[in-house]
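Scroll down for the structure; my scribbles are underneath it.
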Amino acid sequence: MGPARPGTWFPAAFSRFFLTLLFLLTPSLSFAEGLRVLVLPFEMHAEEDISALRRNIMEALASTLDGSAGIEVVGIEETRRLMLEEGVARFGEEAAFDIASRVGADFAVLGSVTRVGRTSSADWRVLDLKDGAPKAFYFESSVSEAELLRRIRAKASEMPLAMASALRERPVEKEGIVDRIVVSGNRRVEAEAVLQKVKSREGEPFSHDTVREDIRAIYATGYFDDVSAVLSETASGRVLAFIVKELPFVRRIEYRGHKEIKIEQLEETVTLRTNRVLDRVLLAADAERIKKLYEDEGFYLATISPLVESDGTDATVAFRIEEGPEVKVKRITFIGNEAFSDSRLKKVMNTKEVGFFTALTKSGKFNEFIYQNDLALIINQYFDNGYINADILDSRVLLSEDKRWFYITIAVTEGERFSIGKLDAAGDLLVPKEEVLKKLGLETGQIFSRSKLARGIEAVTDIYGEKGYAYAEVRPQTRTDQEARTIDITLNIAKNELVYIEKIDITGNTRTRDKVIRREVPIGEGELYSSTELKRARGNLRRLGYFEDVQITETRGSAADRMNLGVGVKERPTGSISLGLGYSSVDKVIGTASISQSNFMGTGLKLDLSGTVSASSSRYVFGITEPWLFDRPISAGFDIYNTEREYPDFDLRKQGFNVRAGFPLTKRYTRGYITYKLEDVHKPTSPIPRPRSYRSRRARAPRAA
6 MGPARPGTWF PAAFSRFFLT LLFLLTPSLS FAEGLRVLVL PFEMHAEEDI
56 SALRRNIMEA LASTLDGSAG IEVVGIEETR RLMLEEGVAR FGEEAAFDIA
106 SRVGADFAVL GSVTRVGRTS SADWRVLDLK DGAPKAFYFE SSVSEAELLR
156 RIRAKASEMP LAMASALRER PVEKEGIVDR IVVSGNRRVE AEAVLQKVKS
206 REGEPFSHDT VREDIRAIYA TGYFDDVSAV LSETASGRVL AFIVKELPFV
256 RRIEYRGHKE IKIEQLEETV TLRTNRVLDR VLLAADAERI KKLYEDEGFY
306 LATISPLVES DGTDATVAFR IEEGPEVKVK RITFIGNEAF SDSRLKKVMN
356 TKEVGFFTAL TKSGKFNEFI YQNDLALIIN QYFDNGYINA DILDSRVLLS
406 EDKRWFYITI AVTEGERFSI GKLDAAGDLL VPKEEVLKKL GLETGQIFSR
456 SKLARGIEAV TDIYGEKGYA YAEVRPQTRT DQEARTIDIT LNIAKNELVY
506 IEKIDITGNT RTRDKVIRRE VPIGEGELYS STELKRARGN LRRLGYFEDV
556 QITETRGSAA DRMNLGVGVK ERPTGSISLG LGYSSVDKVI GTASISQSNF
606 MGTGLKLDLS GTVSASSSRY VFGITEPWLF DRPISAGFDI YNTEREYPDF
656 DLRKQGFNVR AGFPLTKRYT RGYITYKLED VHKPTSPIPR PRSYRSRRAR
706 APRAA
């Protein structure tokens, strides 16, 4: 059976459904006096087959209605006959009137089932078969089928009351004009805000299709847990009422049963927030995120149950967590590997078997994403050693009976080993072919390696990138000789146009000034593109130490020969304060303190202030460094210092400063420095005032003349 398309039907499936429904309901049909209801097959709108969901929804409706006092579900046999014998596939209002005339139904239930992504919804209407007017409209939606069916049953239990009310209000003559539209059930949301979302208008003809769209539009606002519509005849005319049930506000989010994962990790994973309207789709998605978090930590048997405890206005959301045991990898087995041993292939993988040092190395943990990447790493191991036809035939992860261990089996096929045959280059050659092939880094007779080929192509592309051909294409063309087991490689090169930098955008610098970043990029707007200069720019910015991350992106500009550069940075703290205490037999207790800022006020200016104090010495230093003097790559700075030291034979005091400058010698990687230092060294003729304890010690010590 193929996937369901919007509006398509599955007669065979529905014949089985109606036979089953007839079997289930026939014993309970009382055929007593009361309301006779005809439930017709719902339409389906989905990319996949949702016939099972439709069957469950219709069974929920029919069984709930048939179990209500004074309600009799009729027309099942007649509907089945029309489907099987006459080939009727679509049941609309015309079919409802036709079947009703045969089975004597008072009301008909028509609707549709829709699935978009993970969300399933059902909308249906109650049609009064006596006057042809729809009396009530219903819509329910959920990512959980069980929750959707529960809501549908709850709504179905309200339908008999709407039908009975419709019988009492049937007019002798009816008009198709809606006289009044009202909203009920709303507490926080104003009725005017709800009515702004609907297309139905007072004084205009009634349309059940429009009302169905209105219900969906109101539900889509995200403020309501339930939306339905009822059309009634009153003394003042037709009244269309939209009945809503507001979603509660989330006041608290709780996590119950977690032990292995900290609450901080859970809070970072969950996207639901307090003091916001409850979003059931987001709630279900958060439960899946928590489960994924536990799976990443090796708890594959964990179950997450989202709970909503509400008083109607406010709600507490609780995630009930049953962690279960941690499942570890017990054994990894390979089948079909001859070129490489099991241990060699296991070294390639990031997934490891449980071992003696598991507590320290965290080995044995299973992560699905990492495991899938491991399969690719195994294939790369073969491709990089000449096995170009290697493949993973099958891989299985089995859970042990006691649910404590994973057993992994990987079946591989290796194929023959290939070496490199002829090498050639063709197309737009800016340098001699020999130089291109030298950059490629491969030689005839070598074992073929896909990684080496990729690195070689990147190196050849850089030749063109250095010369301004940012969009140069280097495409390898291979020819395999199965008998000789060789691969001939030809590089087809298209240089395309020279590219110039149109604009440089800098983002992420919340403190560092643009010019501090821009001066580290050795390529400017209007200049010829150079891949080498962009690599140098990345290195320059990372060496500054101002940023946690540096990303340079390239996007096409306003023309084919123009490119925009995006320099994205993430700031990091650049200041530091340190305090320290020490002890020595000479200086006794030593105290140190320092303050430094390598990016003062975001200008790139570096400031340092430090001091060291002990019973017999002190030293203070203050320094400033400007790495780009006058916006040129010349550094300049100075240091001022003061040092005092007491020796057994004399006292020493030094004061001074130095002025320094640095300049690039070759591409800023090699720098030269010049320093001028002026220092005043003073040896006092009289002792420096000292603490009493030190003077006493000095008095007892002999002093040289």
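In terms of my numbering, the sequence shown opens at residue 6 and continues consecutively. Ideal placement from N, C-alpha and C gives every residue a C-beta, glycine not left out.
Taking one beta carbon from each stretch, the region 507-520 and the region 571-589 have 3 or more pairs nearer than 8 Å; the two touch. Across the set Phe453, Arg325 and Glu331, the C-alpha of Glu331 shows the shortest separation from the C-alpha of Gly303. With respect to Ile220, Asp301 sits apart: the two C-beta atoms are not nearer than 8 Å.
Gly667 carries a strand assignment under DSSP once its states are collapsed to helix, strand and coil. When secondary structure is reduced to three states using DSSP, Glu439 falls in the helix class. Its Cα nearest to that of Leu298, the residue Thr274 stands out among Gln377, Thr274 and Arg281.
Inter-residue distance for Leu40 and Arg325 is about 44 Å (C-alpha atoms, whole angstroms). In the three-state reduction of the DSSP assignment, Lys351 falls in the helix class. Per DSSP, Lys520 lies in no beta strand (DSSP E); the unbroken alpha helix (DSSP H) holding it starts and ends at Asp519 to Arg523. In this structure, DSSP gives Asp566 a state outside helix and strand, which the three-state scheme calls coil. In this structure the region 251-262 touches the region 280-297; the number of beta carbon pairs closer than 8 Å is three or more. For Tyr224, the enclosing alpha helix (DSSP H) starts and ends at His213 to Ala225.
The C-beta separation of Arg665 from Ile645 comes to about 12 Å, leaving the pair out of contact by the 8 Å criterion. Annotated three-state conformation of Glu150 is helix, per DSSP. Looking at the DSSP output, Ala113 sits in a beta bridge with Leu43 and Leu132. For Lys427, the uninterrupted beta strand (DSSP E) segment begins and ends at Ser424 to Gly432. Under a 10 Å Cβ-count criterion, Tyr652 is classified as exposed, with fewer than 16 other Cβ atoms of the shown protein chains found around its own Cβ. The straight-line gap separating the alpha-carbon atoms of Phe371 and Ser405 is approximately 14 Å.
Around the CB of Met168, 16 or more other CB atoms lie within 10 Å, so the residue is classed as buried.
In the DSSP assignment, Asp103 falls within the unbroken alpha helix (DSSP H) covering Glu98 to Val108.
Contact check for Leu434 against Val441 passes: the beta carbons are separated by less than 8 Å. Boundaries of the alpha helix (DSSP H) harbouring Gln270: Ile268 to Thr274, taken from the DSSP string. Within the same chain, Leu283, Ser315, Gly317, Thr318, Asp319 and Ala320 come within 7 Å of Pro253 by CB-CB distance, once the 5 residues on both sides are set aside. Rounded to whole angstroms, Arg422 and Glu48 show a C-alpha spacing of 57 Å. Straight-line measurement puts the Cα of Ser581 at about 48 Å from the Cα of Val479. Taken through DSSP and simplified to helix, strand or coil, Val332 comes out as coil. One Cα belongs to Asp396, the other to Asp510, and the distance between them is close to 44 Å. A distance below 6 Å between beta-carbons, with the five flanking residues on each side excluded, links Val286 to the following residues of its chain, in chain order: Val148.
Here Ala641 carries a strand assignment [DSSP, helix/strand/coil]. Distances from the CA of Val313 to each of Ile337, Leu288 and Leu132 were compared; the closest alpha carbon is that of Leu288. Within the same chain, and ignoring the five residues on either side of Gly181 in sequence, the residues whose Cβ sits closer than 6 Å to its Cβ are Pro210 and Phe211. Membership of Arg206 in any beta strand (DSSP E) is not indicated, and neither H nor E is assigned to it by DSSP. In the three-state scheme derived from DSSP, where H, G and I count as helix and E and B as strand, Gln451 is classed as coil. Take Lys202, set aside five residues on each side of it, and the residues of its chain with a beta-carbon closer than 6 Å to its own are Ala222 and Ile223, in chain order.
Between Ile506 and Leu445, the C-beta spacing is not below 8 Å.
Comparing alpha carbon positions, the residue from Gly531, Ser73, Asp656 and Lys264 closest to Ala307 is Lys264.
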